[in-house]
Amino acid sequence: MEPKCICCGDELEVRRTKTDKPFVSCPPCGFQGFIRGKKGIDKFEAKYGEGWKGAKTTSAEPAAAAPKGKETPASKGDAKNDADMF
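The numbers in our numbering rise by one with no breaks, and the one at position 2 of the sequence shown is 246.
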């Protein structure tokens, strides 16, 4: 059984972080979920198996911080739009 996206219902890609913890992502809608605690990882393995351990490690680099005093479009955030997200 493969995990399904909670947003769109598509099958999630199971990957692993650089610290060997599982995370899931949904390319069509952009959802990402990280499993960080031992209890969560144990439950994830019990439900979906340990196949994720052979999954590709993420290569995402952290975003560069904007210079102080300057806002990037992504950092502005609009409370009204954020609330409408869900």
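Here a beta-carbon is modelled for each residue, glycine too, at the ideal position from N, C-alpha and C. Computed from a predicted model, the values in this text were never measured in an experiment.
DSSP puts F278 in a beta bridge; with which residues? The residue given as residue 278 occupies position 34 in the sequence shown. Its beta-bridge partners are F267.
For C251, which residues in the same chain have their Cβ closer than 6 Å to its Cβ, ignoring the five residues on either side in sequence? For this step, residue 251 is matched to residue 7 along the sequence shown. The answer, listed in chain order, is C273 and F275.
Let me know the secondary structure DSSP gives K297 once reduced to three states. Residue numbering aside, residue 297 sits at position 53 when the sequence shown is read from its first letter. Correct three-state label for K297: helix.
If I follow the unbroken beta strand (DSSP E) through E257, where does it start and stop? For the purposes of this step, residue 257 is identified with residue 13 of the sequence shown, where counting begins at 1. Element bounds for E257: E257 to R260.
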